[in-house]
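Residues in the sequence shown are numbered consecutively from 1, following UniProt numbering.
See below for the structure under consideration.
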Amino acid sequence: MVELETGVIANCNGSALVKLAETKLLAGVKAELTTPSPNAPNRGWIEVSIESTPHAHLDFEGRGSDDFAADVSQILIQSCNNEKLIDLKSLCVIPGQQVWVLYVDIMVLGYSGNLIDAASIATKASLYDTKIQTVNVKHGEN
């Protein structure tokens, strides 16, 4: 059974708390304006990072856990930055000048397996919950 709650972190643009069996994750999204990539001047992008609390599970102790978290993060980054799944052009404010980058930070609070599934749910739910402030562009002003 999956338990899901969104809007759980007040100072984030979006957030989600996911519990899948005994695996429990907290995800928060922060939106930042930045210069776009020269290869994609009209698209923003999404970054995902995963960390674990010291007491989440014994499997998350030591260097191997960092590698595992990095591997899961890469899987989620590739998924989130797939134009067929997410409209990254909607994150563009001024083509070639300003785009939004969404940083999804996931904290593993408890672990009993299915990390990729739980992290995928947490990522998608926190992005769905994300609210980005309106940006008004006035041309011709300094």
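The beta-carbon is built from N, C-alpha and C at its ideal position, and this holds for glycine as well.
No experiment lies behind these values; they were computed from the predicted model shown.
Rounded C-beta distance between residue i and residue j? I'm assuming under 8 Å.
i: T123; j: A31; result: The pair is not a contact, with the Cβ atoms about 15 Å apart (cut-off 8 Å).
i: L20; j: V2; result: 5 Å
i: T53; j: L109; result: 6 Å
Taking the alpha carbon of residue i as the reference point, which residue from the options has its own alpha carbon closest?
i: A118; options: A27, C12, A10, G14; result: A27
i: W45; options: G110, Q98, L109, E22; result: Q98
i: L76; options: S126, N39, L91; result: S126
i: P95; options: G7, L25, E3, A40; result: A40
i: E47; options: S79, V108, M1; result: S79
i: E5; options: V18, T35, N13, G14; result: V18
i: S90; options: T134, C12, V8; result: T134
Express the C-alpha separation of residue j and residue i in angstroms, rounding to a whole number.
i: A70; j: I50; result: 7 Å
i: Q74; j: K138; result: 37 Å
i: R43; j: A10; result: 27 Å
i: V72; j: V93; result: 29 Å
i: I132; j: Y111; result: 31 Å
i: M107; j: L88; result: 24 Å
i: E22; j: L85; result: 28 Å
i: S15; j: S37; result: 26 Å
i: T35; j: N82; result: 20 Å
i: D66; j: N136; result: 40 Å
Would you list the one or two residues that DSSP bridges to residue i?
i: S52; result: V108
i: I29; result: Looking at the sequence shown, residue 29 is not Ile but Val. Paired residues: G14, V104.
i: L4; result: V18
i: K24; result: K19, G110
i: V99; result: T34, C92
i: E47; result: Y103
i: A69; result: DSSP lists no partner for A69.
How about the stretch 93-113 and the stretch 17-34: do they share at least three Cβ pairs that are nearer than 8 Å? A contact exists between the stretch 93-113 and the stretch 17-34.
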